[in-house]
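S.K.:
Protein chains: 2
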Amino acid sequence: MPANILVVEDEPALQELLALNITQAGHTPMRAISAEHAQELLRNALPDLILLDWMLPKMSGIDFARQLKSDSATKQIPIIMLTARGGEFDKVRCLEVGADDYVTKPFSPKELNARIKAVLRRIAPQMTDDPIEIQGLHLDPVTRRVKSNNKVVDLGPTEFRLLHYFMGNPERVHSRSQLLDKVWGHHVFVEDRTVDVHIRRLRNALSISGHQDLIQTVRGSGYRLSVITA
Amino acid sequence: MPANILVVEDEPALQELLALNITQAGHTPMRAISAEHAQELLRNALPDLILLDWMLPKMSGIDFARQLKSDSATKQIPIIMLTARGGEFDKVRCLEVGADDYVTKPFSPKELNARIKAVLRRIAPQMTDDPIEIQGLHLDPVTRRVKSNNKVVDLGPTEFRLLHYFMGNPERVHSRSQLLDKVWGHHVFVEDRTVDVHIRRLRNALSISGHQDLIQTVRGSGYRLSVITA
DNA sequence: CTATAATATTTCAAATTTATGACAATAGGG
DNA sequence: CCCTATTGTCATAAATTTGAAATATTATAG
């Protein structure tokens, strides 16, 4: 899950460190030395995550975060704040503004990366390579295997991605269009109804372990994976 | 759903085809035969989406797109590019310029409409997805579920929208006409009395958790959701 | 208390949505 | 190059939802 990460940090040394860190973690850094500079960069491309220093020249990180969260174009981009002191006050304000997490300086590269990963996972759960388990159904992206007890569920590529997406976003209803976007890809051109067929195939495969009811039809809306039987 | 779409295409035959297509899909086309012509039209009214040919006389589609995206008045209007060749280079440049999607010629009407629909959906500000709770009755648009304690309230599509609307505007009386407008949609032609039937169905479903009295009749006016039992 | 207007219920056929099975086109793997 | 798995579409069946009409109740003015 490589991501584009915008680093907003005015101190050159720290920025360099952060960028290095991000690169080594497999992501791509974008650098800005101020809120204004960041705004400019955001006009061209939106990152997947923003690493924002609490203290910045001119517009403070807090104010910038607030602004980001109030603009519909950027509001869904997760923000991790870099704070100097660990005072309770700061933490509260960070979260108040809508930051998704914060890291107190000084911090270890390890900690930073862990938080980045955590936040990204929260945003795009199906992108990670972590194994997922729901109701005894185990899906492992690394081995590309789905198992229940000792039964192996045999899935085609598309059904696997579909199930992976469902398991990464459980309980939530997904319209056919959304599924096409997320599972098939943005620029594919496929009939909405085709989703039905793949749902059928997925349920069929899952029936071997009795998990076919996990995938529920929500009439008029789409489909959902849910452990709630009702 | 119906949108005004500006078609910028210099070849008359193709433009005619596009306009026809757009009309049949329920949208309204505006036609321009060049970037200059388009600019003129834009002075009068801004469309919801722009369909732009990559190759145009004088100012190319690419340059025009760049200009549109740099002007604050038009920058948020989504653009779909019509490209001739399918070379990777073109795709990249399309997206670089800020186009929201592209279609490579030749394309099927079906594909074009699908893309228009997808782009409009991505842009359209989606209705609030916040969960609502009233008197222990929980409605969650994201999972499209209604629960009370651990009981699941099973609702059809219309009943769900109806309850959603009621819970979003509690304690207020809504006439049957208002409900038809807000829940069914502006242009539908449905008997006022039909609302009664759906109210019945909603109450019926809610009775499973004892919430049937939330929906109250206001004789002569309409219905209201209220926590006041009186 | 009665007539009458307004709302509640029930029922049903039409309309809409989904499920399913079959099939042709494609992509890969031997 | 042949064979098999995978995919996307269709046609058709099945299931659910919807709107309207008919009938039953209830509230209220007089």
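Respectively, the protein sequence lines represent chains A and B. If you use my numbering, the first sequence corresponds to residues 2 to 231, in order. If you use my numbering, the second sequence corresponds to residues 2 to 231, in order. Yeah, the Cβ is synthetic: ideal placement off N, Cα and C, and Gly gets one too.
For S176 (chain B), tell me which candidate among B:D130, B:Q136, B:D155 and B:V219 has the shortest Cα-Cα distance.
M.R.: Walking along the second sequence from the start, residue 176 (chain B) turns up at place 175. It is B:V219 whose Cα lies nearest to the Cα of S176 (chain B).
S.K.: By the 7 Å beta-carbon criterion, what residues does the region 15-45 of chain A contribute toward chain B?
M.R.: Listed in sequence order: no entries.
S.K.: Where S208 (chain B) and F161 (chain B) are concerned, what is the direct C-alpha to C-alpha distance, given to the nearest angstrom?
M.R.: Mapped onto the second sequence, residue 208 (chain B) falls at position 207. Mapped onto the second sequence, residue 161 (chain B) falls at position 160. Whole-angstrom Cα-Cα distance: 15 Å.
S.K.: Give, in chain order, every residue of the region 132-146 of chain B whose Cβ lies closer than 7 Å to some Cβ of chain A.
M.R.: Within the region 132-146 of chain B, the residues whose Cβ lies closer than 7 Å to some Cβ of chain A are V143, T144 and R145, listed in chain order.
S.K.: Below 8 Å between beta carbons: does that hold for P30 (chain A) and V8 (chain A)?
M.R.: Taking the first sequence and counting its residues from 1, one reaches residue 30 (chain A) at position 29. Taking the first sequence and counting its residues from 1, one reaches residue 8 (chain A) at position 7. Cβ atoms of P30 (chain A) and V8 (chain A): closer than 8 Å.
S.K.: Below 8 Å on the Cβ atoms is my guess for D64 (chain B) versus I80 (chain B); work out the distance and round it to an integer in Å.
M.R.: Residue mapping note: residue 64 (chain B) aligns to position 63 of the second sequence, counting from 1. Residue mapping note: residue 80 (chain B) aligns to position 79 of the second sequence, counting from 1. Actually they do not touch by this definition, with Cβ atoms about 13 Å apart.
S.K.: G99 (chain A) touches chain B at which residues, Cβ-Cβ below 7 Å?
M.R.: Taking the first sequence and counting its residues from 1, the one referred to as residue 99 (chain A) is at position 98. Here the premise fails: no neighbours, minimum Cβ distance about 15 Å.
S.K.: Can you check which of these residues, A:K76, A:A39, A:N114 and A:Q40, is closest to L18 (chain A) by C-alpha distance?
M.R.: Locating residue 18 (chain A) in the first sequence gives position 17, where the first residue counts as 1. It is A:N114 whose Cα lies nearest to the Cα of L18 (chain A).
S.K.: Is there a Cβ from chain B that is less than 8 Å from the Cβ of I229 (chain A)?
M.R.: Along the first sequence, read from residue 1 onward, the residue named residue 229 (chain A) stands at position 228. So, interface residue.
S.K.: Report the neighbours of F167 (chain A) on chain B: residues whose CB is nearer than 7 Å to its CB, in chain order.
M.R.: Position 166 of the first sequence, counted from the first residue, corresponds to residue 167 (chain A). Within chain B, no residue comes near F167 (chain A); the closest Cβ sits about 13 Å away, beyond 7 Å.
S.K.: Within 10 angstroms of the Cβ of L156 (chain B), are there 16 or more other Cβ atoms? Answer buried if so, exposed if not.
M.R.: Translated into the one-based positions of the second sequence, residue 156 (chain B) becomes position 155. Classification for L156 (chain B): buried.
S.K.: If you draw a straight line from the C-alpha of R145 (chain A) to the C-alpha of S178 (chain A), how long is it?
M.R.: Mapped onto the first sequence, residue 145 (chain A) falls at position 144. Mapped onto the first sequence, residue 178 (chain A) falls at position 177. Spanning the two alpha carbons is a distance of roughly 25 Å.
S.K.: How would you call R194 (chain A), buried or exposed, if buried means at least 16 neighbouring beta carbons within 10 angstroms?
M.R.: In the first sequence, the residue the question calls residue 194 (chain A) occupies position 193. R194 (chain A) is exposed by the Cβ-count criterion.
S.K.: Taking the Cβ atom as the reference point for each residue, do P142 (chain A) and P158 (chain A) lie within a distance shorter than 8 Å?
M.R.: Taking the first residue of the first sequence as position 1, residue 142 (chain A) is located at position 141. Taking the first residue of the first sequence as position 1, residue 158 (chain A) is located at position 157. No, Cβ-Cβ distance for P142 (chain A) and P158 (chain A) is not below 8 Å.
S.K.: In whole angstroms, what separates the C-alpha of Q68 (chain B) from that of M56 (chain B)?
M.R.: As a working mapping, residue 68 (chain B) is identified with position 67 in the second sequence. As a working mapping, residue 56 (chain B) is identified with position 55 in the second sequence. Spanning the two alpha carbons is a distance of roughly 15 Å.
S.K.: Do you know offhand how far L203 (chain A)'s Cα is from N170 (chain A)'s?
M.R.: Within the first sequence, residue 203 (chain A) is the residue found at index 202, counting from 1. Within the first sequence, residue 170 (chain A) is the residue found at index 169, counting from 1. Cα to Cα, L203 (chain A) sits roughly 16 Å from N170 (chain A).
S.K.: Among B:T24, B:R44, B:G62 and B:Q77, which has the Cα closest to the Cα of L50 (chain B)?
M.R.: Position 49 of the second sequence holds residue 50 (chain B). For the residues B:T24, B:R44, B:G62 and B:Q77, the minimum Cα distance to L50 (chain B) belongs to B:Q77.
S.K.: Locate the alpha helix (DSSP H) running through V198 (chain A), then write down its first and last residues.
M.R.: Position 197 of the first sequence, counted from the start, is the residue given in the question as residue 198 (chain A). It spans T195 to L207 - the alpha helix (DSSP H) in which V198 (chain A) sits, taken as one unbroken run.
S.K.: DSSP on V120 (chain B), reduced to helix/strand/coil?
M.R.: Along the second sequence, read from residue 1 onward, the residue named residue 120 (chain B) stands at position 119. Residue state, collapsed to three classes: helix.
S.K.: Is DSSP giving V219 (chain A) helix, strand or coil here?
M.R.: Taking the first sequence and counting its residues from 1, one reaches residue 219 (chain A) at position 218. Looking at V219 (chain A) - three-state DSSP - the assignment turns out to be strand.
S.K.: Select from the region 182-200 of chain A all residues with a C-beta closer than 9 Å to any C-beta belonging to chain B, and list them in chain order.
M.R.: Listed by position, the residues of the region 182-200 of chain A near chain B (Cβ gap below 9 Å) are D182, H187, H188, F190, V191, E192 and D193.
S.K.: Show which residues of chain B have a CB atom less than 7 Å away from the CB atom of G221 (chain A).
M.R.: One-based indexing of the first sequence puts residue 221 (chain A) at position 220. Ordered by position in chain B, the residues that pass the 7 Å Cβ test against G221 (chain A) are P158.
S.K.: Where does the unbroken alpha helix (DSSP H) through R4 (chain A) begin, and where does it stop?
M.R.: Translated into the one-based positions of the first sequence, residue 4 (chain A) becomes position 3. At residue 4 (chain A) the sequence reads Ala, which differs from the Arg that was named. Element bounds for A4 (chain A): n/a, residue is neither H nor E.
S.K.: Considering R32 (chain B), what are the terminal residues of the beta strand (DSSP E) in which it resides?
M.R.: The sequence position of residue 32 (chain B) within the second sequence is 31, counting from 1. Here the beta strand (DSSP E) through R32 (chain B) covers T29 to A33.
S.K.: Return the CA-CA distance between E12 (chain A) and L121 (chain B), expressed in angstroms with no decimal places.
M.R.: By 1-based counting over the first sequence, the position of residue 12 (chain A) is 11. By 1-based counting over the second sequence, the position of residue 121 (chain B) is 120. Taking the straight line from one Cα to the other gives about 41 Å.
S.K.: If you follow the beta strand (DSSP E) that M82 (chain B) is in, where does it begin and where does it stop?
M.R.: What you label residue 82 (chain B) is simply residue 81 of the second sequence in a count that begins at 1. It spans I80 to T84 - the beta strand (DSSP E) in which M82 (chain B) sits, taken as one unbroken run.
S.K.: Are the CB atoms of L226 (chain B) and F190 (chain B) within a distance shorter than 8 Å?
M.R.: Translated into the one-based positions of the second sequence, residue 190 (chain B) becomes position 189. Translated into the one-based positions of the second sequence, residue 226 (chain B) becomes position 225. Going by C-beta atoms, F190 (chain B) is not nearer than 8 Å to L226 (chain B).
S.K.: Between the beta-carbon of L53 (chain B) and the beta-carbon of L83 (chain B), is there less than 8 Å?
M.R.: As a first step, residue 53 (chain B) must be located in the second sequence, where it is residue number 52. As a first step, residue 83 (chain B) must be located in the second sequence, where it is residue number 82. Contact flag set, yes.
S.K.: In chain B, what lies closer than 7 Å to R173 (chain A) by C-beta?
M.R.: Counted from its first residue, the first sequence places residue 173 (chain A) at position 172. Simply V143 and T144.
S.K.: Under a CB-based cut-off of 8 Å, is E112 (chain B) close to chain A?
M.R.: Along the second sequence, read from residue 1 onward, the residue named residue 112 (chain B) stands at position 111. For E112 (chain B), the answer is yes, since a Cβ of chain A falls inside 8 Å of its Cβ.
S.K.: Looking at chain B, is there any beta carbon in it that lies within less than 8 Å of the beta carbon of S178 (chain A)?
M.R.: By 1-based counting over the first sequence, the position of residue 178 (chain A) is 177. Chain B, which has a Cβ nearer than 8 Å to the Cβ of S178 (chain A), makes this yes.
S.K.: Do we get a CB-CB distance below 8 Å when we pair A119 (chain B) with the residues of chain A?
M.R.: Residue mapping note: residue 119 (chain B) aligns to position 118 of the second sequence, counting from 1. It does; some Cβ of chain A falls within 8 Å.
S.K.: If you measure from the beta carbon of R122 (chain B) to each beta carbon in chain A, is any gap under 8 Å?
M.R.: Here residue 122 (chain B) corresponds to residue number 121 of the second sequence, with the count starting at 1. Judged by the 8 Å Cβ criterion, R122 (chain B) is in contact with chain A.
S.K.: Could you check the C-alpha separation between L215 (chain B) and L181 (chain B) for me, to the nearest Å?
M.R.: What you label residue 215 (chain B) is simply residue 214 of the second sequence in a count that begins at 1. What you label residue 181 (chain B) is simply residue 180 of the second sequence in a count that begins at 1. Going by the C-alpha atoms only, they are around 19 Å apart.
S.K.: Are the C-beta of R225 (chain A) and some C-beta of chain B separated by less than 8 Å?
M.R.: Position 224 of the first sequence, counted from the first residue, corresponds to residue 225 (chain A). Yes, contact with chain B.
S.K.: May I ask which residues mark the beginning and end of the alpha helix (DSSP H) holding R162 (chain A)?
M.R.: Numbered from 1 along the first sequence, position 161 holds the residue referred to as residue 162 (chain A). Where R162 (chain A) is concerned, the enclosing alpha helix (DSSP H) stretches over P158 to G169.
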